[in-house]
Amino acid sequence: MAARELSTDRVLEIIQEVADEVIRPRFRALARDEISEKGPGDLVTIADRESELLLTEILGQAYPDAVIIGEEATAANPALPDMLLGAAHGFTIDPVDGTKNFVNGKEDYAVMVGEVRDGRTVRGWIWQPEYGSAYVAERGAGVTHNGVRLSRREPAADPADWTGHSARIVVRQRPADAALGAISISALCCGIDYPRMATGAADFLVYGRPRPWDHVPGILMVEEQGGSAVLTDGSPYVPGMDGFGMVVGATPQVTAAVRTALGDRLGIRPTPAQAE
Numbered sequence: 225m226a227a228r229e230l231s232t233d234r235v236l237e238i239i240q241e242v243a244d245e246v247i248r249p250r251f252r253a254l255a256r257d258e259i260s261e262k263g264p265g266d267l268v269t270i271a272d273r274e275s276e277l278l279l280t281e282i283l284g285q286a287y288p289d290a291v292i293i294g295e296e297a298t299a300a301n302p303a304l305p306d307m308l309l310g311a312a313h314g315f316t317i318d319p320v321d322g323t324k325n326f327v328n329g330k331e332d333y334a335v336m337v338g339e340v341r342d343g344r345t346v347r348g349w350i351w352q353p354e355y356g357s358a359y360v361a362e363r364g365a366g367v368t369h370n371g372v373r374l375s376r377r378e379p380a381a382d383p384a385d386w387t388g389h390s391a392r393i394v395v396r397q398r399p400a401d402a403a404l405g406a407i408s409i410s411a412l413c414c415g416i417d418y419p420r421m422a423t424g425a426a427d428f429l430v431y432g433r434p435r436p437w438d439h440v441p442g443i444l445m446v447e448e449q450g451g452s453a454v455l456t457d458g459s460p461y462v463p464g465m466d467g468f469g470m471v472v473g474a475t476p477q478v479t480a481a482v483r484t485a486l487g488d489r490l491g492i493r494p495t496p497a498q499a500e
């Protein structure tokens, strides 16, 4: 049982406070020894580590029985995401989503937190510090941007008019005859990509690994806007599941059409450096 329930607004405030205290002071000010690699091309910074520790501590104090899955904690203990599948209550934390962008001084990074109860995401937060943009979703209550509820936008009837973002591997291997509109390289930050979908600026997203800290809050936002997310075999996304290849669409019909159009390309396994 929670020692102290945190309101949706309070969780957002905590995320913003942690970003102001630990992350933003390091933006464009990282020392060389504050950046390292967890694996080939997989960067981590002191801002990632310190902000995740703070968020984990605060959420853990408020919800001592919740499983908390952080990106950096998972790097040390890869079995952590499996705990989310059977947990009655859990949180996911991506302390600095888009670390490469952050390291390179690009504004396209975000802090993301998701809350899962009995296998379903119930709340999600995406905070874009450099843009001052907060996207918040509650199951059954829609999505807000800086406190204003977003309206739904129906995608164009013709798939050729759809806009999508994807990992490099899918763009390169895209069939020439795929009946889809423009597919551009993703922002290398799910915390930028998902809000684009929630606001209607994108119709679909294609990703590699469905890692929970990257996708739990954003997929809730898409679902609240009428969309869906499936793995390459067509099974619905479930927080904590693993695999390779995921399609997220503005509607279930868009999701199915994109999955069909890209076909086998969704099953291609990238090298570690290509994986999103």
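Everything in the sequence shown is counted per our numbering, starting at 225 for the first residue and increasing by one.
Backbone N, C-alpha and C define an ideal beta-carbon position, used for all residues, glycine too.
Leaving aside the five residues that flank PRO305 on each side, the residues in its chain whose CB is nearer than 8 Å to its CB run, in chain order, ILE293, THR298, ARG435, PRO436, GLY464 and ASP466. Counting along the chain, the unbroken beta strand (DSSP E) around ILE293 starts and ends at 291-294.
The C-beta distance from LEU279 to VAL360 rounds to 16 Å, too long to meet the 8 Å contact threshold. For the set MET336, VAL337 and GLY322, the Cα lying nearest the Cα of LYS330 is the one of GLY322. Rounded to whole angstroms, the gap between the alpha carbons of TYR418 and GLU354 is 16 Å.
By the neighbour-count definition (other C-beta atoms within 10 Å, threshold 16), ALA300 is an exposed residue.
By the CB criterion at 9 Å, GLN240 and VAL367 fall outside the cutoff. A straight-line Cα-Cα distance of about 32 Å links ASP244 and ALA453. According to DSSP, ILE238 shares a beta bridge with no other residue. For the region 302-376, the full-length alpha helix (DSSP H) segments reaching 4 residues or more read 304-309 and 323-327 along the chain.
Taking the C-beta atoms as reference points, LEU404 is found no nearer than 9 Å to VAL472. Proximity to PRO249 across GLN477, VAL327 and ALA358 peaks at VAL327, based on C-alpha coordinates. Going by DSSP, LEU278 is part of the alpha helix (DSSP H) stretching over 270-286. Remark: C-beta atoms of LEU309 and GLY338 do not approach each other more closely than 9 Å. Its Cα nearest to that of THR232, the residue ASN370 stands out among ASN370, GLU274, THR479 and GLY469.
In the three-state reduction of the DSSP assignment, GLU261 falls in the strand class, which pools E and B. Between the C-alpha atoms of GLY356 and HIS389 there is a straight-line separation of about 23 Å. In this structure, ASP272 sits near VAL320, with a CB-CB distance shorter than 9 Å.
The alpha-carbon of SER459 is positioned some 16 Å away from that of HIS439. Distance from the Cα of ALA425 is smallest, within the candidate group GLY469, THR456 and PRO379, for PRO379. For LEU444, the secondary structure class from DSSP, reduced to helix, strand or coil, is helix. Straight through space, the alpha carbons of ILE317 and GLU295 are spaced by roughly 6 Å.
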